[in-house]
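To keep things clear, I will list the structure first and then write my remarks on it.
Protein chains in written order, with my numbering: chain G, 1 to 308; chain U, 309 to 616.
This is how it looks when you write it as structure tokens:
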């Protein structure tokens with residue numbers, strides 16, 4: 001089993017969907033990634049920052065999931081990063097209502113000593129220079145560095161983003177962002193251009209349409225589980241990344257074939273995430289529920305054609 | 309092996325895409341369905357109508373593909389159905405520039421005597437009362453009736469459409485049309501509502517995002533092959549339907565498990581169709597090319613997770 005270091009926001013979210021709205025609840029990329037990765041019993045630690053307003057109970061929750069929280073800095077006099085958004089009726093688009101960086105504005109990530117040799121590094125969506133700073137602290141060359149990012153950094157920190165992208169093995173990015181980053185509409189061409197920027201593996205997330213994994217001329221397509229209803233898409237991408245990273249950390253096998261399985265695990269966990277508001281579903285998800293849904297994924301995608 | 313009867317337009321198309329434009333070329337639902345089904349060496353016949361302006365060479369082409377064309381009525385003094393469209397840059401939407409029904413306006417389909425007991429009936433996109441009239445002519449209960457339709461008939465002949473939908477086993481429909489027909493955004497819920505209208509099997513085509521097959525509580529998801537570029541999407545849906553119907557006619561097995569394979573064959577053939585203008589790619593497609601791409605589909609979708 002490998003060690004997994006997770007870098008990302010730990011935050012408050014306030015979410016509005018056609019099904020209702022929440023007050024400030026637990027959110028953040030590192031939170032979702034950690035909750036998903038916890039299903040693989042890996043040795044994991046989160047690196048983040050919160051304010052004095054962040055409830056002890058939330059940190060306890062991560063600890064009960066075996067996430068080492070010693071790398072989550074608590075700035076007593078500061079406030080926790082806050083995001084608020086409202087989803088449209090189709091759940092595929094949303095408006096950001098508020099973004100308060102608070103303690104995140106001056107975040108200097110510090111990787112705990114025990115995790116500076118982590119074999120798997122999961123860089124959640126954050127300023128690319130923060131992501132770079134984490135890589136700078138690693139004392140050994142990691143087996144696998146995975147990076148998630150978003151269009152916001154392409155708009156306002158493209159140079160920094162391109163710098164960190166050069167240093168990673170896997171990028172996870174959504175379809176529109178892949179198009180923005182490369183100026184290519186075809187995702188096949190976009191993936192090839194992103195390969196040329198550095199990552200050997202490119203995962204393009206397509207929301208309800210699933211996810212594509214590209215590696216040289218190989219491609220794998222994991223559909224999303226068709227759901228009766230998506231209750232709240234918040235965190236689905238991070239949950240996908242957490243499942244992906246957690247499975248690879250557990251198995252220690254970073255071959256393309258095994259990465260296919262990691263994509264399936266990521267999709268499976270993400271399919272739960274969207275069933276309730278925020279992290280609610282992920283907090284109480286049992287391993288037997290995950291296994292049952294993996295079987296559903298098999299039935300959803302596997303076929304037996306005899307080529308005659 | 310089963311007999312396959314194909315009903316649909318045989319037409320002239322004029323197509324404009326970002327890659328170029330064509331004069332009047334061979335088109336029509338029955339044409340694409342027939343070319344796709346021809347890969348399964350089934351005993352197939354087309355029922356349609358054309359005008360005196362329709363080149364003999366096009367009928368010869370279908371005959372060389374083992375499609376019985378005796379059910380294609382030639383109205384000497386009439387003109388062939390003509391459609392013209394222009395695709396937008398994203399290839400997912402198009403404008404219809406011209407629709408000239410011509411001989412199609414008074415089309416009374418006549419099923420050839422030899423095919424009135426066909427085990428598989430493929431009702432291509434046409435006025436639903438024409439589709440019904442074909443079913444009325446069948447002397448034996450068919451093993452499988454497949455129907456393709458479009459939003460146009462929901463707008464202007466909904467009652468007739470609902471009547472024919474009651475009589476069929478499988479409907480193929482695209483995602484937006486499924487939503488329009490049911491008033492439901494979730495495709496899972498939409499499929500359930502369409503089940504209730506009659507068809508035991510519902511295939512929802514999602515273009516570049518693949519296709520879903522629903523049957524009671526079972527669901528199968530076949531992705532579309534990720535392509536560097538889609539040259540011309542015209543006929544992709546009909547090609548999908550033709551591959552689906554042809555494979556089921558060949559195997560004679562209409563179980564859900566085998567229908568999964570039929571969806572994969574449909575998707576595979578459709579992935580070729582879009583590579584060139586109109587029917588060009590389908591006219592010269594070899595079986596070995598199809599087999600090679602089926603292997604690609606396996607690599608694209610199959611994975612080996614050991615559930616621990």
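For each residue, glycine too, the CB sits at the ideal point set by N, CA and C.
If you're wondering where the values come from, they're calculated on a predicted model, not measured in any experiment.
Exposure label - residue i; buried when at least 16 CB within 10 Å
{"i": "residue 335 (chain U)", "result": "buried"}
{"i": "residue 99 (chain G)", "result": "exposed"}
{"i": "residue 62 (chain G)", "result": "buried"}
{"i": "residue 363 (chain U)", "result": "exposed"}
{"i": "residue 427 (chain U)", "result": "buried"}
{"i": "residue 604 (chain U)", "result": "exposed"}
{"i": "residue 268 (chain G)", "result": "buried"}
{"i": "residue 557 (chain U)", "result": "buried"}
{"i": "residue 260 (chain G)", "result": "buried"}
{"i": "residue 316 (chain U)", "result": "buried"}
{"i": "residue 78 (chain G)", "result": "buried"}
{"i": "residue 463 (chain U)", "result": "exposed"}
{"i": "residue 304 (chain G)", "result": "exposed"}
{"i": "residue 590 (chain U)", "result": "buried"}
{"i": "residue 35 (chain G)", "result": "buried"}
{"i": "residue 592 (chain U)", "result": "exposed"}
{"i": "residue 574 (chain U)", "result": "buried"}
{"i": "residue 122 (chain G)", "result": "buried"}
{"i": "residue 411 (chain U)", "result": "buried"}
{"i": "residue 310 (chain U)", "result": "buried"}
Residue i and residue j closer than 8 Å at C-beta
{"i": "residue 215 (chain G)", "j": "residue 201 (chain G)", "result": "yes"}
{"i": "residue 148 (chain G)", "j": "residue 237 (chain G)", "result": "yes"}
{"i": "residue 534 (chain U)", "j": "residue 203 (chain G)", "result": "no"}
{"i": "residue 458 (chain U)", "j": "residue 485 (chain U)", "result": "yes"}
{"i": "residue 553 (chain U)", "j": "residue 345 (chain U)", "result": "yes"}
{"i": "residue 107 (chain G)", "j": "residue 164 (chain G)", "result": "no"}
{"i": "residue 477 (chain U)", "j": "residue 453 (chain U)", "result": "yes"}
{"i": "residue 441 (chain U)", "j": "residue 417 (chain U)", "result": "yes"}
{"i": "residue 489 (chain U)", "j": "residue 520 (chain U)", "result": "no"}
{"i": "residue 366 (chain U)", "j": "residue 541 (chain U)", "result": "no"}
{"i": "residue 224 (chain G)", "j": "residue 210 (chain G)", "result": "yes"}
{"i": "residue 82 (chain G)", "j": "residue 166 (chain G)", "result": "no"}
Cutoff 8 Å: residue i Cβ touching any chain G Cβ
{"i": "residue 568 (chain U)", "result": "yes"}
{"i": "residue 362 (chain U)", "result": "no"}
{"i": "residue 562 (chain U)", "result": "no"}
{"i": "residue 518 (chain U)", "result": "yes"}
{"i": "residue 609 (chain U)", "result": "yes"}
{"i": "residue 350 (chain U)", "result": "no"}
{"i": "residue 528 (chain U)", "result": "yes"}
{"i": "residue 531 (chain U)", "result": "yes"}
{"i": "residue 648 (chain U)", "result": "Here chain U has residues from 309 to 616 only, and residue 648 (chain U) is not among them."}
{"i": "residue 556 (chain U)", "result": "no"}
{"i": "residue 572 (chain U)", "result": "yes"}
{"i": "residue 534 (chain U)", "result": "yes"}
DSSP three-state assignment for residue i, whether helix, strand or coil
{"i": "residue 73 (chain G)", "result": "strand"}
{"i": "residue 41 (chain G)", "result": "coil"}
{"i": "residue 503 (chain U)", "result": "helix"}
{"i": "residue 313 (chain G)", "result": "The structure shown does not extend to residue 313 (chain G), since chain G spans only 1 to 308, so no value can be given for it."}
{"i": "residue 525 (chain U)", "result": "coil"}
{"i": "residue 276 (chain G)", "result": "coil"}
{"i": "residue 16 (chain G)", "result": "strand"}
{"i": "residue 562 (chain U)", "result": "coil"}
{"i": "residue 318 (chain U)", "result": "coil"}
{"i": "residue 479 (chain U)", "result": "strand"}
{"i": "residue 305 (chain G)", "result": "coil"}
{"i": "residue 267 (chain G)", "result": "helix"}
{"i": "residue 296 (chain U)", "result": "The first residue shown for chain U is 309 and the last is 616, placing residue 296 (chain U) beyond what the model contains."}
{"i": "residue 68 (chain G)", "result": "strand"}
{"i": "residue 166 (chain G)", "result": "coil"}
Any chain U beta carbon closer than 8 Å to residue i
{"i": "residue 172 (chain G)", "result": "no"}
{"i": "residue 186 (chain G)", "result": "yes"}
{"i": "residue 229 (chain G)", "result": "yes"}
{"i": "residue 90 (chain G)", "result": "yes"}
{"i": "residue 305 (chain G)", "result": "yes"}
{"i": "residue 58 (chain G)", "result": "no"}
{"i": "residue 199 (chain G)", "result": "no"}
{"i": "residue 33 (chain G)", "result": "no"}
{"i": "residue 269 (chain G)", "result": "no"}
{"i": "residue 104 (chain G)", "result": "no"}
{"i": "residue 109 (chain G)", "result": "no"}
{"i": "residue 162 (chain G)", "result": "no"}
Next on the checklist: Please give me, in chain order, every unbroken run of the beta strand (DSSP E) with length at least 3 that falls completely inside the stretch 73 to 153 of chain G.
Outcome noted: Runs of the beta strand (DSSP E) inside the stretch 73 to 153 of chain G: 82 to 87, 94 to 100, 120 to 123 and 144 to 148.
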